[in-house]
Amino acid sequence: MREVLMTGSEILVACEKVSTEAEVTGINRWYKSLEFTPVNTTPGSGRRTGWGLRMIRNGKIGVSGEWGMIDPFRLVDKVIGSCRYGPAALFSFPEESPESEKTITDDLTAITHDTVYTYLNSLQARIKEIHPLAALSARIQWGKDSFAIMNSRSLRGSYSKTTVLTSLWITLPSDTGLLQSGYSLNTTDSLPAMNDVLDMLLLPIHAERFDSLSAAGRKKVVFSPMAFSLLLQAVRAGVSGKLLGEGASPLAGSEGKQVLSNMLTIRDLPRLNSGVSSAPFDSEGIPTRDKTLFEDGIFTGFLHDLGSAAECKAESTGSSGRNLGEHSKPVCTNLTVDPSVNGSVNTLEETGSGILVTSILSAGGGNAASGNFTLDCGRVYLFRRGEILGYYDGCVLSGNVYDTLSRVTAIGSRQYRSGTDLLPFISLDGISIR
Amino acid sequence: MQKHRDLAEKAVAGSEADFAELRLARTSRTTVTHAGLTHMNNGPIEQFTGTARVFIAGKWGICEFSSPEQMHKALDKAAALAIHSKSHPVPFPILPPACRDTYSDDVNGVPLADVPLREKSFLCKHYCELLGASIPSGSARVTYDEIIRDRVIANSNGTSVREIENLGSMKTQAVLPGGLIASEELALRGSFDRFTGREKHIAGIGSDLLFRETTTCIAQGKTRVILDPELTGILVHEAFGHLVEADFLENNPAVAHLLRIGSTVGSKCVNIVDDSLQMNQPGSMKWDDEGSPGRKTQLVSSGKIINWLHTIGTASRKDTRPTGNARISGPGRTPEARMTCTYMEPGKTPLEKLKLHLDDGLYLKGFMGGATDMDRFSIAVQEVWTIRNGVIHKPVTPVVISGRVADVLGCIVDTGDDLQLSGSLSGCSRRGSSAIAVTYGGPHILISEMQVS
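If you read the sequences in order, they're chains W and D. Numbering that gives the first Met the number 0 numbers the first residue of the first sequence as 0 and each following residue consecutively. Numbering that gives the first Met the number 0 numbers the first residue of the second sequence as 0 and each following residue consecutively.
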């Protein structure tokens with residue numbers, strides 16, 4: 000990290016005479032990886048370092064970044080060019096340095112390729128006990144990310160954290176066609192719990208095929224945590240102060256009002272223990288804090304970075320996110336939905352009859368500005384009295400996410416990781432099915 | 000980059016591994032977006048990446064590095080990982096003949112990188128205003144995306160190739176208040192010229208969208224359809240192409256048996272190729288990410304599978320030759336067998352005759368999104384028109400088509416004479432892998448039975 004900080008200081012010096020304000024971010028990442036298939040397994044490792052520069056010049060903001068080899072003057076030159084076409088600078092970079100932090104899980108840094116290989120072999124064996132023809136493929140990457148920020152107003156901050164990024168998928172040949180199931184989850188402390196992985200990977204079910212017409216109309220729909228995560232995309236966009244600043248947020252004027260079902264409490268938790276998006280400060284150096292976005296369905300407020308806060312005359316909520324060399328925007332970090340206290344894990348029993356959505360093929364046709372969604376689900380499962388009866392293919396769900404989330408039938412009693420989210424199963428009423 | 004290439008050649012030649020390979024890439028990416036009154040440009044973001052891959056005693060090891068000075072160390076690290084790997088041994092890869100060559104897009108016109116950001120920003124703004132003016136009540140967005148990549152692949156077999164790619168894309172999107180969307184992407188490889196002078200076309204997108212605004216729905220069910228060349232390409236890519244990627248098949252013996260060489264997957268008029276040498280297309284590659292030369296591979300001939308897509312590793316395990324389809328989705332990743340420019344070959348029937356042949360049914364045009372889940376696919380269609388007595392009748396609301404690949408390819412009764420290719424800089428993603436640039440296409444095709452929802 001010392002190298003990143005030293006280069007960062009050099010870049011700031013190079014900016015002194017050509018900018019009003021400048022800010023450098025640096026990332027240092029090292030990892031080990033294992034690519035696992037039934038035929039071949041490849042161990043890997045790697046290291047990557049990058050620098051991002053954001054500058055205010057002639058009242059406008061420009062950005063650029065470099066991964067790998069860095070030339071401070073070349074980087075500054077590119078940002079000068081970017082400033083000419085950048086957005087107006089409505090704010091100053093912060094002065095106060097945030098607290099630096101280290102969240103290193105020693106157990107994780109000690110994990111070897113052999114440990115991961117053994118873990119995946121055991122997982123494969125357990126899957127084969129249930130489905131002898133199932134083939135498991137996986138990529139697990141684990142390591143340490145270090146992040147530093149410094150700006151020309153003396154702000155300095157850094158943190159490090161361990162990460163485990165897991166992608167698993169299985170294929171199951173069956174009489175009714177080929178089934179595929181995938182599960183991705185990211186944590187900071189350990190390899191994923193095997194039972195959770197099995198719960199999610201084995202959601203597709205061998206069942207009888209149903210005539211597609213029998214499922215059309217408006218029905219109760221149970222979303223698995225992975226499918227629920229995709230449904231929440233529109234909410235992630237809706238709570239962004241950037242959309243509010245552009246006059247396009249469907250939640251404008253809804254603060255303090257009942258927007259969703261009173262069964263729903265949605266939080267953004269940048270301080271979540273073992274959340275891979277957790278950080279002590281955001282990508283502009285503003286300290287993060289956990290936020291409740293919807294408390295019992297009542298919308299509590301927007302997420303802001305410095306830019307959207309200035310535009311909306313609000314304060315930054317420490318929610319700036321960006322890839323290296325890109326403009327900042329307010330983003331959700333670890334999104335969570337509170338589980339129910341009572342009830343089943345998958346809500347099928349409470350729901351009674353309906354369809355279960357375990358994965359979504361694509362979410363084309365969605366509109367963040369209105370909350371409208373069209374989810375192409377591929378195969379869905381029909382259930383009655385809590386029992387799976389069969390499946391049908393080619394299911395498309397459509398509706399408006401705010402309208403849909405105001406009609407919650409049941410929420411599962413436990414949360415699962417899905418990407419960076421922590422979500423339960425959820426049962427929703429009256430979704431249009433084609 | 001030439002200096003680094005020389006170093007890489009020496010490093011792999013000095014390696015004591017059974018096989019050693021270095022991939023180096025310098026990439027610059029710029030994005031410009033104009034939407035309403037908002038203008039945003041990200042980048043250019045420059046990236047140097049290196050990957051060392053080593054094969055020792057039947058096992059692979061891989062190591063990513065971020066500076067050319069680290070390439071020797073990375074080769075050593077990859078070798079150590081291979082030696083200590085617990086993986087089952089696999090056969091030695093089948094390597095194409097050694098090749099030393101360079102290819103650059105720069106020779107084919109004004110390179111994208113030579114066009115100032117000012118001009119790219121102006122063009123986005125100009126097109127966005129034109130599009131916005133054509134749909135006063137709706138919203139318009141234009142995004143320009145550019146990837147300039149200089150990549151080198153050197154291996155211990157004596158191959159050292161360098162390819163300089165100029166990939167550009169312009170996406171236009173118009174949305175009416177009711178949610179009706181018109182979206183298209185022009186993606187290319189080579190010069191900037193093809194992005195300019197499109198005013199008439201851009202303005203036409205808005206007026207076409209207004210004309211299509213309707214509340215008329217069609218009943219879901221199975222019907223006769225004509226797909227436009229873009230949808231034909233999507234069908235070929237999503238519903239068929241992913242299933243003949245050899246690394247997927249070798250992990251799934253049951254599927255591999257269904258799709259074995261010689262098996263029938265479509266009607267007699269179905270001919271499908273993967274041609275990585277369409278050098279003005281974003282999916283093209285003179286050499287793949289293992290240094291194998293690009294080529295045209297016939298995948299389906301008269302409805303029968305005759306080839307799969309291979310890397311050097313999968314080819315050796317199937318005792319065949321690599322097809323030049325090894326592609327990486329990022330540094331530090333093992334090359335996978337992926338598509339490049341995949342399309343259905345045209346037939347001889349003009350579109351007007353296809354419509355007469357269809358008689359009553361639907362004309363489906365433009366792609367909105369979709370995916371494949373093994374042998375099932377699902378594609379959201381942008382424009383839907385009814386056809387009555389062989390003549391385009393009226394627009395109806397967008398639909399989703401779905402089905403199983405063998406069913407649909409078997410129902411293709413005629414193919415048009417009008418091959419068109421489309422592409423995207425991030426058009427293809429596979430589970431666990433990042434998106435890569437691909438090209439897809441075909442002619443208009445007539446399908447006797449398609450599930451429409």
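Heads up, the beta-carbon is just placed ideally off N, CA and C, and yes, glycines get one too.
Continuous alpha helix (DSSP H) stretch holding residue i: start and end
i        : result
Met169/D : From DSSP, Met169/D is part of no alpha helix (DSSP H) but of the beta strand (DSSP E) over 159-174.
Glu145/D : Counting along the chain, Glu145/D falls outside any alpha helix (DSSP H), though it belongs to the beta strand (DSSP E) covering 138-154.
Gly232/D : 228-233
Phe72/W  : 71-82
Arg1/W   : 1-14
Phe247/D : 245-249
Lys312/W : Careful: Lys312/W lies outside any alpha helix (DSSP H) and carries neither H nor E.
Leu135/W : Segment 134-150 is the beta strand (DSSP E) holding Leu135/W; no alpha helix (DSSP H) there.
C-beta contact flag for residue i and residue j at 8 Å
i        : j        : result
Gly265/D : Gly220/D : no
Gly369/D : Ile233/D : yes
Ile400/D : His392/D : no
Asp428/W : Arg413/W : no
Gly402/D : Asp227/D : no
Ser91/W  : Leu154/W : no
Thr24/W  : Ile148/W : yes
Phe301/W : Gly342/W : no
Gly57/D  : Pro88/D  : yes
Leu21/D  : Ala153/D : yes
Leu187/D : Leu363/D : no
Ser291/D : Ala325/D : yes
Ile163/D : Ser328/D : no
Gly426/D : Val235/D : no
Gly293/D : Thr341/D : no
Inter-residue spacing [alpha-carbon to alpha-carbon] between residue i and residue j
i        : j        : result
Leu212/W : Ile93/D  : Note that Leu212/W scores 46 on pLDDT, short of 50, meaning its location in the model is unreliable; the coordinates nonetheless yield the value given after this. Roughly 51 Å between the two C-alpha positions.
Ala181/D : Asn57/W  : 37 Å
Arg321/W : Phe280/W : 13 Å
Leu135/W : Trp168/W : 6 Å
Asn345/W : Ser339/W : 11 Å
Ala146/D : Thr29/D  : Per the sequence shown, the amino acid found at residue 146/D is Ile instead of Ala. About 7 Å.
Arg150/D : Glu249/D : 29 Å
Ser180/W : Asp5/D   : 44 Å
Gly205/D : Arg197/D : 13 Å
Trp286/D : Ala19/D  : 17 Å
Tyr126/D : Tyr143/D : 11 Å
Beta-bridge pairing of residue i - partner residues as DSSP gives them
i        : result
Thr30/D  : Asn41/D, Asp144/D
Phe453/D : The requested residue 453/D does not occur in the structure, where chain D is confined to residues 0 to 452.
Leu427/W : Val220/W, Val407/W
Met338/D : Note: Met338/D sits in no beta bridge, so no partner.
Glu289/D : Answer is none; Glu289/D lacks a bridge partner.
Cys127/D : Cys127/D is not bridged to any residue.
Thr348/D : Gly415/D
Val383/D : Leu363/D, Val395/D
Pro286/W : Phe280/W
Met449/D : Thr222/D
Arg52/D  : Glu20/D, Ile61/D
Trp307/D : Beta-bridge pairing links Trp307/D to no other residue.
Endpoints, beta strand (DSSP E) assigned at residue i
i        : result
Gln297/D : 295-300
Gly61/W  : 59-66
Arg125/W : Unbroken run through Arg125/W is the alpha helix (DSSP H), 112-129; no beta strand (DSSP E).
Chain B within 8 Å of residue i, Cβ atoms only
i       : result
Asn39/W : Structure shown: chain B not included; protein chains present are W and D.
Interface positions of the stretch 248-263 of chain D facing chain W (Cβ-Cβ less than 7 Å), listed along the chain
Glu249, Asn250, Asn251, Ala253, Val254
Please name the residues in the stretch 134-164 of chain W whose beta-carbon is closer than 7 Å to at least one beta-carbon of chain D, in chain order.
Ala134, Ser136, Arg138
Residues of the stretch 17-45 of chain D whose Cβ lies closer than 7 Å to any Cβ of chain W, in chain order
Thr37, His38, Met39, Asn40, Asn41, Gly42, Pro43, Ile44, Glu45
Taking only beta carbons into account, state which residues of the stretch 46-69 of chain D come closer than 9 Å to chain W, listed in chain order.
Gln46, Phe47, Thr48, Gly49, Thr50, Arg52, Lys58, Trp59, Gly60, Ile61, Cys62, Glu63, Phe64, Ser65, Ser66, Pro67, Gln69
Chain W contacts made by the stretch 310-324 of chain D, where a contact means CB separation under 9 Å
Gly312, Thr313, Arg316
Members of the stretch 76-98 of chain W that neighbour chain D once the beta carbon cut-off is set at 9 Å:
Lys77, Gly80, Ser81, Arg83, Tyr84, Gly85, Pro86
Could you list the residues in the stretch 48-77 of chain W with a C-beta less than 7 Å from some C-beta on chain D, going in chain order?
Thr48, Val62, Ser63, Gly64, Glu65, Trp66, Gly67, Met68, Lys77
Could you run through the stretch 378-398 of chain W and flag, in chain order, every residue whose CB is less than 9 Å away from some CB of chain D?
Arg378, Asp392, Gly393, Cys394, Val395
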